[in-house]
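Take the sequence shown: its position 5, counted from the start at 1, is 56 in the working numbering, and no numbers get skipped.
Ideal Cβ placement from N, Cα and C applies to all residues, glycine included.
Working notes, beginning with the structure itself.
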Amino acid sequence: MNETATEALSKIPAVTLGFWVIKIAATTLGETGGDAVTMTMNLGYLIGTLIFGVILIAAASTQILAKRFHPFLYWAVVVATTTVGTTLADFVDRSLGIGYLGGSSILFALVLASLGLWYRVCGSVSVDTVASPKVELFYWTTILFSQTLGTALGDWLADDTGLGYEGGALVFAAGLAVVVAAFFFTKVSRTLLFWAAFILTRPLGATVGDLLDKPHAKGGLEFGRFSASAVLVFFMVACILLLPQRAGTHPGASKPAS
């Protein structure tokens, strides 16, 4: 690929159906993997957050410094944000006693603040503009907050409202269906719809993850956190290898020479 073609490409994948399939799998893995470390290994939410935080910093730094799109690296950062999101949300909601609704409210405010600051500094929050280290830093910060928010939302809907894991998953799936319908049948901002879908896929993955690994007494299928995580890792690797994985493009860059 020549230089002008490289300049036209982003380091994040094009948003396709395959992107969303892998995203949901990654968020589900974050739930089962985070719970495996904090609960099954009994390390606690704070230690789990520190462990996954170090992994996230290393993976995100490598991603930001990379010169081109690497599918496995990109999705490794997504998984790292969702595992940190799982353990951090549980620490805030449970260990600090803020509660699911309180934690969700704080995290929603942080998502909005991150998007607002991103827009103020860069003039857009569209993923099509993620083509520089500064913008990519905003991108990953917003994703981290959204993943943490999703965990709190999933727990709130499944536990506090009495819907359970299956009911919670159905509600978030219905929310995603509304976003998809808006994408195809309305002129609502594609950027707004992207972030709405990105946020909703996280609690969907959280509730599905809890459904897979929680004991029968709590409404789960009791597959085991490590077993469920291993299956999800295998599924993600298969999807990355088999589904189209290409870098997105960003406006204003040079187009590939014909």
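- K62 sits in a strand when the DSSP states are folded into three classes.
- Relative to L221, the option among F245, Y190, L255, W191 whose CA is nearest is L255.
- The shortest C-alpha to C-alpha distance from M92 to any of L188, E187, R276 is the one to R276.
- The beta-carbon distance between A110 and V128, rounded to whole angstroms, is 5 angstroms. This is short enough to meet the 8 angstroms contact definition.
- Counting the other CB atoms within 10 Å of its CB gives A289 a total below 16, which places it among the exposed residues.
- Under the 10 Å beta carbon count, R171 is surrounded by fewer than 16 other beta carbons and is classified as exposed.
- For G271, the three-state secondary structure derived from DSSP is coil.
- Here A87 is buried, its C-beta having at least 16 other C-beta atoms within 10 Å.
- Counting every other CB atom within 10 Å of its CB across the protein chains shown gives P184 a total below 16, marking it as exposed.
- For T242, the uninterrupted alpha helix (DSSP H) segment begins and ends at 241–264.
- Per DSSP, the beta-bridge partners of A298 are P64.
- Assignment of F123 by DSSP, reduced to helix, strand and coil, places it in the helix class.
- With the rule of 3 Cβ pairs closer than 8 angstroms, the stretch 173–183 counts as touching the stretch 237–248.
- Of all alpha-carbon atoms in L227, S240, V259, the one lying nearest the alpha-carbon of E273 is that of V259.
- In this structure the stretch 111–125 does not lie against the stretch 158–168, because fewer than three pairs of beta carbons, one per stretch, are closer than 8 angstroms.
- Annotation for F236: the continuous alpha helix (DSSP H) segment containing it runs 215–236.
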